[in-house]
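K.L.:
FYI, the numbering used here numbers position 7 of the sequence shown as 101, with every residue one higher than the one before it.
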Amino acid sequence: MEVAPAVQHLLGLESLTIPELSAIVIAIGPGNFSALRTGLSLVKGFVQAAGLPVVAVGSLEVEAYPYVGLGRPVCPLLDAGRGNLAWAIYEGFKEGEPLVLTEEQVSTLEEVLRAAPSNTIYCGEGISKVREELESQVSLEATLALAPSPTRHLSALAQLGHLGLQTGRTADPATLQPRYLRGPAISKPKPPKRIK
Numbered sequence: 095m096e097v098a099p100a101v102q103h104l105l106g107l108e109s110l111t112i113p114e115l116s117a118i119v120i121a122i123g124p125g126n127f128s129a130l131r132t133g134l135s136l137v138k139g140f141v142q143a144a145g146l147p148v149v150a151v152g153s154l155e156v157e158a159y160p161y162v163g164l165g166r167p168v169c170p171l172l173d174a175g176r177g178n179l180a181w182a183i184y185e186g187f188k189e190g191e192p193l194v195l196t197e198e199q200v201s202t203l204e205e206v207l208r209a210a211p212s213n214t215i216y217c218g219e220g221i222s223k224v225r226e227e228l229e230s231q232v233s234l235e236a237t238l239a240l241a242p243s244p245t246r247h248l249s250a251l252a253q254l255g256h257l258g259l260q261t262g263r264t265a266d267p268a269t270l271q272p273r274y275l276r277g278p279a280i281s282k283p284k285p286p287k288r289i290k
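1. Rounded to the nearest angstrom, what separates A158 and P99 at their Cα positions?
2. To the nearest angstrom, how far is it from the Cα of H256 to the Cα of T202?
3. For the beta strand (DSSP E) holding E198, just list the boundary residues, first then last.
4. In this structure, how does DSSP classify T132 when only helix, strand and coil are distinguished?
5. Nearest to E205 by alpha carbon, out of E189, W181, G125 and G218?
6. Ignoring anything shorter than 4 residues, give me the alpha helix (DSSP H) runs that lie fully in the segment 112-182, in order along the chain.
7. Which of helix, strand or coil does DSSP assign to I215?
8. CA-CA distance, L136 and R288?
9. Just confirm the distance between the C-beta atoms of K138 and P267, as a whole number of angstroms; I'd bet it's less than 8 Å.
10. On the CB-based measure, 16 or more other CB atoms within 10 Å of its CB, does N126 come out buried or exposed?
11. By the three-class DSSP mapping on this structure, what secondary structure does L275 have?
12. Determine, using beta-carbon pairs with one atom in the segment 166-179 and one in the segment 215-230, whether at least three such pairs fall under 8 Å.
13. Which residue's Cα is closest to the Cα of G313: P211, A143 and L179?
14. With H, G and I counted as helix, E and B as strand and the rest as coil, what does DSSP make of E205?
15. Can L251 and V156 be called in contact, C-beta distance under 7 Å?
16. Given that a residue counts as buried once 16 or more other Cβ atoms are within 10 Å of its Cβ, and exposed if not, what is G177?
17. Using a Cβ-Cβ cutoff of less than 6 Å, which residues in the same chain neighbour G190 once the five nearest sequence positions on both sides are dropped?
Here's what the structure looks like:
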């Protein structure tokens, strides 16, 4: 099913139209390049056509949000390909704004483990890629929040978006860009070789 018709179908189930919404909330990454571009393009079209505010929320924040009330650092992990993880470490949220211990980045699991406090809660879809290494290397104080995919919950995205809307943290749709954390795997082609 195409994305736009799926959105229209879901709105129809609630007898709503896009102009009747109060805002649109979008997870802006990190994530799959094509999916982020497609989703953001669709949201920009809806926002421009209906004159709605848009609230952008990071995917790592969405992963961390269900666990931050437990009073421990939370490290969401997402598979970034090429043996790397996208991650950050949060100590909580204040009015929907993340309290960041370690900024979002892409690196190896070894770098994550060096940065994370011993009592960290690890969560996110990336755990499945590194579960054995995590279980063998983390402290006994650490917790692995194992959950089936998808681990990003729409309820967390909606709550963070609502808080962002209440506190005026809306994004300018004209300048809003996906959050990739690194460039694509595709590189520029090499110049053609001269034939002698």
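C-beta: ideal position from N, C-alpha, C; glycine also.
P.N.:
In short, the structure shows the following:
1. 30 Å
2. 33 Å
3. E191 to S201
4. helix
5. W181
6. 127-144 and 153-158
7. strand
8. 43 Å
9. 5 Å
10. exposed
11. Three-state DSSP puts L275 in coil, outside helix and strand.
12. yes
13. Since the first residue of the chain shown is 95 and the last is 290, residue 313 is not available in this structure.
14. helix
15. In this structure, V156 lies closer than 7 Å to L251 by Cβ.
16. exposed
17. L254, L257 and G258
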